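Novice: To start, I am sharing the structure in question, which I have written as structure tokens.
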Amino acid sequence: MILDLARFTAVERPYWEELESVLGKFETDPGLRMSLDQVQRLHYLYERCSADLARLDTFSTEPRLRDFLESLVSRAYSQIHETRARLTLRWKALLRAFPCAFRRRAGAFGLAAGITVFGAAFGWFAIRYDPQAKAVLMPFPGLMEPPQQRVAKEESAKIDRLKGVKATFSAELMTHNIQVAVLALAAGITWGAGTLIVLFDNGVILGAVAADYLGAGQGAFLAGWLLPHGSLEIPAILIGGQAGLVLAGALIGWNSREPRNARLRAVTHDLFALIGGAAGLLVCAGLVESFVSQYHQPVLPYSLKIAFGVCELAALAAFLTWTGRE
Amino acid sequence: MTAARKSALEIATPEGIVFSYELATPVPRALACAVDTVAWLGMAYSAGRIATGAGFLSPDWASFLGVTLYFAISVGYAIVLEWRWCGQTLGKRLFGLRVIDAHGLRLQLAQIVLRNLLRPIDALPLFYLAGGMTVLVSPKGQRLGDLVANTVVARECRREIPDLEEIAPAKYNSLMAWPYLARRLRTLASPEAVHFALLAVSRRGGYQPLARVELFADLAAYFRSLVRFPDAALEGLTDEQFVRSVLRVIFGPEGRI
């Protein structure tokens, strides 16, 4: 086919420029919403430029013009053929996305909880049958002393040992715990093996601490210490693990005929919602741990702390169970 | 993972059009990553100084601000920039790279977040070794974060419409006096030769005089061999003028010649 390139360019250029200007608006404002007329016009321009590119394919002397049209068509294609729902960065939408994703992937949460319980059982029995394992299973200086000694010290403390560093402490807790949750998610890339290790390890520490304090008859102290922040922190880490297991499931693809790319694409938004929700919970848990959990009887009665923790847990369970339900 | 590494990502649209993205190679990606590391460390340092400066109000809350800002910048730098700059960070912009969806679709915030949250795994055990190895063996040059998020890093090649005034100013063009031959020349000239001629004309000021004469003589000989114009059309034209006239024939709107 002989194409009168000069005439072709002169006639089509206004359409290319119009399409480029519309795409420019989209690219500078990802949240731009168009009216129906504008969408129809965009589609017309895209089809017209596609047809121009197809015509140019038979005319080989114009590499730069072809590159230009290719670039234009590819940019328009990415806007027009996108069928995934656009994630809206609004509080209401984000607050609904998290529990909805949690419920959709509840099986993975169950598995994460199961692995953690298994780890906790291991830690429990390890401490009960071999108390010397404490140094290996709970390598934290604050947990090394006998529980009775620590409880007596905390309850008789005359000065606030966190005075002047509470906010810093909470920031360190938040960032560390968020890193653990992200690690539990990211380790899903190892077909879930890394996530299982992170969850099991957390479970072992929890079980070992519980065995140590309950064995010493300090159940009230343990519940008063762990429940206020643990009722948010432990579910958040489990949700991080849930996200890691969802990722692993998409990589492995049991009982799925879809290719790996399609499986991963199907879980992307849920992973984002889960890890975002977990991070939010861990920010709250960090503040509670620093400002509430570290204060014991007589400053804060255990009954009050336990009631506070139970209320948090109930509120979280209600939020995850009911929010966003149709 | 075992397929040969591709240099371009080809996308076929339902309209029957095929377009391609040139995939970024590991070296520019590593350099962009180095620039980004310096950038976010610089930002984190500045944030730390600001937080320290706020210490006169409350040293504890100033320290809180320092810790949280450092964390937010280290995690959020790439996420925020790739989201606001459509797949680019400072380093990627500097080296002409862009993160795109592996299917050519619009890049989503969730994809950006995931590819960046997997950086700690890509960085294992040191200096992005795991991610670097994956880039080398993956067919589309994807690191682990890209594989999970379904993204690729492409070289940016946003093209402009050729600037005809720069290539060949709109003056009288003797070749256009024979429109049938001009159209024949358009059809026969190879894309590579036209592209080469474009480069030669746009860079003509930088050549040594003798090399310039030889280069345009070769190009003119090639174009003359395609179509034989009457002597009257070529009279008084140097080889360089002839090549520029040829480019005007190929690119220029007829009405202005």
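Quick mapping for you: the protein sequence lines, in order, are chains G and S.
Quick note, the first sequence lines up with residues 1 to 326 if you use this note's numbering.
Quick note, the second sequence lines up with residues 1001 to 1257 if you use this note's numbering.
Beta carbons: idealized from backbone N, C-alpha and C, even for Gly.
A quick note: this is a predicted structure, and the numbers were derived from the prediction, not measured.
#1: Tell me the rounded alpha-carbon separation between PHE1056(S) and ALA1062(S).
#2: Would you report the Cα separation of ILE1257(S) and MET1043(S), rounded to the nearest angstrom?
#3: In the DSSP assignment, the beta strand (DSSP E) including VAL1153(S) goes from what residue to what residue?
#4: Given 8 Å as the limit, is there contact between the stretch 304-314 of chain G and the stretch 1006-1026 of chain S, that is, 3 or more CB pairs closer than that?
#5: Consider the Cβ of TYR213(G): report whether some Cβ of chain S lies at a distance smaller than 8 Å.
#6: Can the beta-carbon of GLU155(G) be found closer than 8 Å to that of GLN242(G)?
#7: State the beta-bridge partners of GLU1022(S) as determined by DSSP.
#8: On the DSSP bridge list, what partners appear for ARG1098(S)?
#9: Should GLY1016(S) be flagged as near chain A, meaning a C-beta pair shorter than 8 Å?
#10: In this structure, how does DSSP classify THR1134(S) when only helix, strand and coil are distinguished?
#11: For the stretch 160-178 of chain G, list every residue whose C-beta sits within 8 Å of some C-beta in chain S, in sequence order.
#12: Would you say the stretch 87-104 of chain G touches the stretch 175-192 of chain G, given that touching needs at least three Cβ pairs under 8 Å?
#13: At a Cβ threshold of 8 Å, is ALA112(G) touching chain S?
#14: Between the C-alpha atoms of GLY215(G) and ASP1036(S), what's the straight-line distance to the nearest angstrom?
#15: What residues in the stretch 271-296 of chain G bring their beta carbon closer than 7 Å to a beta carbon of chain S?
#16: Mind checking whether LYS1006(S) and LEU1023(S) have CB atoms under 8 Å apart?
#17: How long is the line joining the alpha carbons of TYR1021(S) and ALA236(G), rounded to whole angstroms?
#18: Tell me which residues of the stretch 37-56 of chain G have at least one Cβ-Cβ distance to chain S shorter than 7 Å, keeping chain order.
#19: Look at the Cβ atom of GLY276(G), then the Cβ atom of SER170(G), and state whether they are nearer than 8 Å.
#20: With 8 Å set as the bound, which would you pick, yes or no: does the beta-carbon of CYS1086(S) sit closer than that to a beta-carbon of chain G?
#21: Apart from the five residues just before and just after VAL1194(S), which ones in its own chain have a Cβ nearer than 7 Å to its Cβ?
#22: Which chain G residues are close to SER1063(S), counting only those with a beta carbon under 8 Å from its beta carbon?
#23: With CYS332(G) as the anchor, note down where its alpha helix (DSSP H) starts and where it stops.
#24: Using DSSP with H/G/I as helix, E/B as strand and the rest coil, what is ASN255(G)?
#25: Which residue wins for smallest C-alpha separation from ALA315(G), given the options ARG263(G), PRO99(G), GLU258(G)?
Specialist: Per the coordinate set shown:
#1: 8 Å
#2: With a pLDDT of 32 at ILE1257(S), under the threshold of 50, the modelled position of that residue is not reliable, and the figure given next carries that caveat. Near 55 Å, if we compare the C-alpha coordinates of MET1043(S) and ILE1257(S).
#3: 1151-1155
#4: no
#5: no
#6: no
#7: ALA1008(S)
#8: ALA1154(S)
#9: Annotation note: the requested chain A is absent from the structure, which comprises protein chains G and S.
#10: helix
#11: GLY164, VAL165, LYS166, ALA167, THR168, SER170, ALA171, GLU172, MET174, THR175, ILE178
#12: no
#13: no
#14: 51 Å
#15: LEU271, PHE272, ILE275
#16: yes
#17: 39 Å
#18: GLU47, SER50, LEU53, ALA54
#19: no
#20: yes
#21: ILE1250
#22: VAL165, ALA167, THR168, ALA171
#23: In the structure displayed, chain G extends from 1 to 326; residue 332(G) sits before or after that span and is not available.
#24: coil
#25: PRO99(G)
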